[in-house]
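Report on the structure given below.
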Amino acid sequence: DLRTGKPILANKTGGLSGPAIKPVAIRMIHDVSQVVNIPIIGMGGVMNAEDALEFFLAGASAIGVGTANFVDPFVCPTIIDELPEVLNK
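Heads up, the sequence shown is in my numbering, so the first residue is 234 and it goes up one at a time.
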């Protein structure tokens, strides 16, 4: 809020994203995947193919990439290209 200088956040918290949120995101995906039978899109700290695999192993059906796009606009094709190699490790 420009008038008060305080953040405007509905839940009173926020601002954590990218690699910093990844452990929380992985845990939440795992927990939710144990109790629902619907597709889950995992997001929060996916920076490379290894991160993507962690999300899939935790129970995500698909992943979203956010912060990494600001670092490398071509990160999504890179993750797709590198995922088979990571799976073979």
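Every residue, glycine too, gets a C-beta built ideally from N, C-alpha and C.
Treat the numbers as computed from the prediction; the structure is a model and nothing was measured.
Straight-line measurement puts the Cα of residue 248 at about 26 Å from the Cα of residue 272.
Taking the Cα positions, residue 304 is about 13 Å away from residue 312. Rounded to the nearest whole angstrom, the C-alpha separation of residue 279 and residue 253 is 10 Å. In the three-state reduction of the DSSP assignment, residue 295 falls in the strand class. By DSSP's assignment, residue 274 forms a beta bridge with 295. Excluding sequence positions up to five before and after residue 250, its CB lies within less than 6 Å of the CB of 300, all in the same chain and listed in chain order.
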